[in-house]
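Enquirer: Structure below; questions to follow.
See below:
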């Protein structure tokens, strides 16, 4: 049997090349009777479409995707041998659960492996904006010592933090926000207000209400048709002047041109993001303009990352795939089809 990992970031060595020796965790779990394919890299990036990629995945018994999108063309390229598709991460936006169901394939992700890491990264970005950490770091390094340069910090104990999306990660973030902010509110139409109350969080009836009362807004919803470009010009017009916006969920939750406009006119006081669409903001004109601004902080889609979370994710994905291939049974957890 053969399992193809379409774009495994963990299999890339310090020189940017694929190293099969890095698949030690997977080999220990799969054993000798399951072959592992580790994708194709060109010019420092994984190929996730095109003829060469399709030839590589052909005949696989299982696919493990990271950023690659599950499409009809991909499944056609793999062929009838495929029995399961796993997402090496949180979220279903590129797993295409509806298509997998239609094709009669099992699919799963791992929705709970990095809650501590993402919530901590969210706080790190929010507090870095609050305290002007990145601006000050660059000024001091450039021999421009100036205590008051950049954003003048606010006393966070008197401020309100708002969370959009109160699932596993939103709840973990709320616990940490309470240590720094005087009040925490949340919006999630799928979560009961009683549950929010049990976390000491006040519910908001709409995103506009949350934006109107929050001094810092953090985004944790799933990317769906309803949340795609949720943060647009209309919503940003409702926000509290000078509010900070932090996105560690999905790049397409925000309309970047609207965010840039809100930063320019002072509606937003700062923007921090770990995620973009396209993935690297350097590949987008608006993204490049945002990178030039001192009121913007970015990281390279690594909020999930720790040594512990990466090991756990790889083990759980491999164990789930092995279970389907060897037992002929659905994956034990994170099942979506």
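Residue numbers (the numbering used here): 707 to 1043.
Built from N, CA and C at the ideal position, the CB exists for glycine as well.
Can you give me the start and stop residues for the beta strand (DSSP E) that residue 979 sits inside?
Expert: Along the chain shown, read from residue 1 onward, the residue named residue 979 stands at position 273. Note, residue 979: beta strand (DSSP E), 974 to 979.
Enquirer: Once you ignore the five residues that flank residue 811 on each side, which residues in its own chain have a CB closer than 8 angstroms to its CB?
Expert: Working through the chain shown from its first residue, we reach residue 811 at position 105. Excluding sequence neighbours, residue 811 sits near 781, 788, 789, 790, 791, 1043.
Enquirer: To the nearest angstrom, how far is it from the Cα of residue 907 to the Cα of residue 728?
Expert: For this step, residue 907 is matched to residue 201 along the chain shown. For this step, residue 728 is matched to residue 22 along the chain shown. Going by the C-alpha atoms only, they are around 43 angstroms apart.
Enquirer: How is residue 741 classed by DSSP in three states: helix, strand or coil?
Expert: As a working note, residue 741 is residue 35 in the chain shown. Residue state, collapsed to three classes: strand.
Enquirer: Kindly indicate which three-state DSSP category residue 987 falls into: helix, strand or coil?
Expert: Residue mapping note: residue 987 aligns to position 281 of the chain shown, counting from 1. Three-state result, residue 987: helix.
Enquirer: Helix, strand or coil, according to DSSP, for residue 963 in the structure here?
Expert: Taking the chain shown and counting its residues from 1, one reaches residue 963 at position 257. Residue state, collapsed to three classes: helix.
Enquirer: Are the CB atoms of residue 936 and residue 927 nearer to each other than 9 angstroms?
Expert: Your numbering for residue 936 matches position 230 in the chain shown. Your numbering for residue 927 matches position 221 in the chain shown. Their beta carbons are under 9 angstroms apart, which means residue 936 touches residue 927 by this criterion.
Enquirer: So within the segment 807 to 875, which uninterrupted beta strand (DSSP E) runs reach at least 3 residues, ignoring any that extend past its ends?
Expert: As far as the segment 807 to 875 is concerned, its whole beta strand (DSSP E) runs of at least 3 residues are 812 to 814, 866 to 870.
Enquirer: What residue range does the beta strand (DSSP E) around residue 1003 cover?
Expert: Numbered from 1 along the chain shown, position 297 holds the residue referred to as residue 1003. Unbroken beta strand (DSSP E) run through residue 1003: 1002 to 1004.
Enquirer: Tell me the residue span of the beta strand (DSSP E) that contains residue 949.
Expert: For the purposes of this step, residue 949 is taken as residue 243 along the chain shown, with counting starting at 1. That run of the beta strand (DSSP E) goes 949 to 953.
Enquirer: Are residue 957 and residue 981 touching if we call contact CB-CB under 9 angstroms?
Expert: Counting from 1 along the chain shown, the entry for residue 957 is found at position 251. Counting from 1 along the chain shown, the entry for residue 981 is found at position 275. Yes, Cβ-Cβ distance for residue 957 and residue 981 is below 9 angstroms.
Enquirer: Which term fits residue 863, buried or exposed, when burial requires 16 or more other beta carbons within 10 angstroms of its beta carbon?
Expert: If you number the chain shown from 1, residue 863 lands on position 157. Residue 863 comes out exposed.
Enquirer: Within 10 Å of its beta-carbon, does residue 998 have 16 or more other beta-carbons around it, so buried, or fewer, so exposed?
Expert: What you label residue 998 is simply residue 292 of the chain shown in a count that begins at 1. Looking at its Cβ environment, which holds fewer than 16 other Cβ atoms inside 10 Å, residue 998 is exposed.
Enquirer: Which runs of the alpha helix (DSSP H) fall wholly inside the segment 888 to 933 and span at least 4 residues, in chain order?
Expert: Correct list: 899 to 904, 913 to 919.
Enquirer: Who are the near neighbours of residue 1030 in its chain, counting only those whose CB is closer than 8 angstroms to its CB and skipping five residues on each side?
Expert: Numbered from 1 along the chain shown, position 324 holds the residue referred to as residue 1030. If we look at residue 1030 and ignore the five residues flanking it on each side, its Cβ neighbours are 768, 789, 790, 812, 1036, 1037.
Enquirer: Where residue 990 and residue 734 are concerned, what is the direct C-alpha to C-alpha distance, given to the nearest angstrom?
Expert: Here residue 990 is taken as the residue at index 284 of the chain shown, counted from 1. Here residue 734 is taken as the residue at index 28 of the chain shown, counted from 1. Going from the Cα of residue 990 to the Cα of residue 734 covers about 40 angstroms.
Enquirer: Looking at the strands, I want to know which residues DSSP matches up with residue 968.
Expert: As a first step, residue 968 is located in the chain shown; it is residue number 262 there, counting from the start. Answer is none; residue 968 lacks a bridge partner.
Enquirer: Can you list, in chain order, the residues of its chain whose CB lies under 8 angstroms from that of residue 825, leaving out five sequence neighbours each side?
Expert: Taking the chain shown and counting its residues from 1, one reaches residue 825 at position 119. Closer than 8 angstroms at Cβ, skipping near neighbours: 875, 878, 879, 881, 882.
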